[in-house]
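In the UniProt record's numbering, the protein residues as written are 1 to 422. Glycine residues also receive a C-beta, built at the ideal position from the N, C-alpha and C atoms. Just so we're clear, the structure is a prediction, and the values are computed from it rather than from any experiment. Written below as structure tokens is the structure these notes are about.
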Amino acid sequence: MSAVLRGGTRFFAHHGKRPDDCPLENESFEHHMTKLVLLGAIRDAGWHAELEVSPPDKSWRADVMATSRDGSQRMAWEAQLSPITVPDIQARTNRYAEAGIRVCWVSPHEKSPKWIDEVPAVRAQPSEAGGAWAVDDGVAAFDWSFGAWGVRTTPLLVFVRWALEGQVEPVVSLRRYHRVKRRVGGRLWVLRRGMWWTSAKSARLQAEHDVMRRRQEERKRVAEEARLAAEAEAEQVRLEEAAREEARRLEKLEESNRRARELSDARHARWLEERAEQVARRNRKLAEAEERRLREEAEEAERVLRAEEASRAWWSLLSGAQVRELFEAVAAWARQEHKVQLRIPDGLYPEPRYGHGAPLFRVDGYLYGVARPCPGLLVPSNGVGQLTVFVRNKTEAKMLAGVKCKELVVFDLPEHEQLFFG
């Protein structure tokens, strides 16, 4: 039967459910099939291949371990489908290096992962017709004439053989060559890559091209310095002549400036008087503004005090047990309706932002809803419009009938605390 991975990757797979005792039952179908493709490619190259290999200390675990015929060389092949951070994949690569094992990370996703040039890695996919796999990112050759890397689509069988035999190795791309142009489906893409699988020849061409570019840049720098020195000398001559001309001009202006100063002094005196008036007016305005600010602060403090008193009166209608009862009812409702676990507060902490209601949070820290906001303290800016509001009973619901919220949940809790006798 034909099977399709997430992202469009196709395989041919046997039909049927994997047996319950299968050792690979915890991995995805895509992961398992990618490992089988790598297993076959390694064996086609004449190397021994084995799935799920790890050392006694479990410091690493290879999806597929390739071993040369004489047993002197080993190379790990990792089929990486799940998300992984760059530091994590680099750490795993370093553990292989410490064990003297080469490694290649393989991604079958349609889009190349962010780590493709951070570690030795390629992207490989089957053809659209479900045929042989090909590496379409991660392998490149250096083009001297263009002074750039060019992506080389390579059959996976060929790439695996090259990598095992050392015909291609991971080579760091120098910074000046990070930008790589590639045309896909009639559209030109610009990639940024810091590492490629490539041949020793391409690695040498990159190094030689970089030396050539450095020499060109050095010659350009020397020529630029000479040009700048000549320009600086000419500029110095021009500045000296301009200075002499400026001195003559200033001499002529000095007399006229002396006459102008007298007129300027008179204007300045008038300006000082006007400025003093402006400062006085500004100070009066500042005093009035300060008076308004103090008055508004006093009014705001009075409003906050009244709100806190109203909040205390509102919550004093309930005992601690009734508050706890309400919180537990909300938690039970959240589990039943949304399969969400709430963090029940260890006390009562009304929040002015939500009309002095008690905010209730999920265990992951996100706000879930507000319990019992104070009716007289809710205004449109309180921020409950997109939240669920919880009240104990219909009596409280009537008092909050005008509240605009995402949902008003009304419980059927008693007005008064229930007493139980043994």
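Tell me, please, which residues DSSP counts as bridged to Glu169. Thr198
Helix, strand or coil for Phe411 per DSSP? coil
Let me check understanding here. Comparing Cα to Cα, which of Asp117, Glu308, Gln341, Leu348 lies closest to Ala321? Leu348
Does the segment 61-80 come into contact with the segment 38-51, if we say contact requires no fewer than three beta-carbon pairs (one atom in each stretch) closer than 8 Å? yes
Anyone know if the C-beta pair for Val389 and Leu400 falls short of 8 Å? yes
Along the chain, where does the beta strand (DSSP E) containing Thr85 start, and where does it finish? Run containing Thr85: none; DSSP gives neither H nor E here.
Just confirm the distance between the C-beta atoms of Gly150 and Ala141, as a whole number of angstroms; I'd bet it's less than 8 Å. 6 Å
With DSSP collapsed to three states, give me the class of Tyr349. coil
Can you give me the C-alpha to C-alpha distance between Arg270 and Glu251, rounded to a whole angstrom? 30 Å
Exposed or buried, what is Pro414 when buried is set at 16 or more other beta-carbons lying within 10 Å of its beta-carbon? exposed
Length-filtered (4 minimum) alpha helix (DSSP H) runs lying within the segment 306-339: 320-338
Going by beta-carbon coordinates alone, are Asp137 and Ser112 separated by less than 8 Å? yes
Helix, strand or coil for Pro126, going by three-state DSSP, please let me know. strand
Within 8 Å, strictly: CB atoms of Ile84 and Trp115: yes
What is the DSSP secondary structure of Asp143, counted as helix, strand or coil? strand
Could you spell out the range, first to last residue, of the beta strand (DSSP E) harbouring Gly40? Element bounds for Gly40: not the beta strand (DSSP E) but the alpha helix (DSSP H), 29-44.
Report all residues from its chain with a CB closer than 6 Å to the CB of Leu5; omit the five preceding and five following residues, and keep chain order. Its pLDDT being 39, under 50, Leu5 is placed unreliably by the model, and the measurement read from it follows with that caveat. So the list reads Glu30, once near-sequence residues are dropped.
Can you check which of these residues, Arg335, Ala148, Gly376, is closest to Glu309 by C-alpha distance? Gly376
Beta-carbon proximity of residue 423 to Ala334, cut-off 8 Å: Residue 423 falls outside the range modelled here, since the chain spans only 1 to 422, and no answer is possible.
Look at Trp133 and His209 and say whether their C-beta atoms are less than 8 Å apart. no
Starting from the C-beta of Lys404, find all residues in its chain whose C-beta is less than 6 Å away, skip the five residues before and the five after it, and write them out in chain order. Gly385
Please classify Glu396 as buried or exposed, where buried requires at least 16 other C-beta atoms within 10 Å of its C-beta. buried
Could you give the C-beta distance for Arg161 and Ala45, rounded to a whole number, given that I count them as a contact under 8 Å? 4 Å
Would you say Pro359 and Trp315 are within 8 Å of each other, going by their C-beta atoms? no
Can you tell me where the alpha helix (DSSP H) with Leu395 in it begins and where it stops? Here residue 395 turns out to be Thr, not Leu, going by the sequence shown. Counting along the chain, the alpha helix (DSSP H) containing Thr395 begins and ends at 394-399.
Please classify Thr153 as buried or exposed, where buried requires at least 16 neighbouring CB atoms within 10 angstroms. exposed
To the nearest angstrom, how far is it from the Cα of Phe12 to the Cα of Arg69? With a pLDDT of only 39 at Phe12, under the threshold of 50, the placement of this residue in the model should not be trusted, and no figure is reported.
What separation, rounded to the nearest whole angstrom, lies between the Cα atoms of Leu294 and Ala247? 60 Å
Met212 classed as buried or exposed, judged by whether at least 16 other C-beta atoms fall within 10 angstroms: exposed
Going along the chain, which residues of its own chain have a beta-carbon closer than 7 Å to the beta-carbon of Gly166, five neighbours each way excluded? none
Simplified DSSP state of Thr93, which is helix, strand or coil: helix
Buried or exposed (CB count within 10 angstroms, at least 16 for buried), Gly100: exposed
When DSSP builds the beta bridges, which residues end up paired with Ala163? Note: Ala163 sits in no beta bridge, so no partner.
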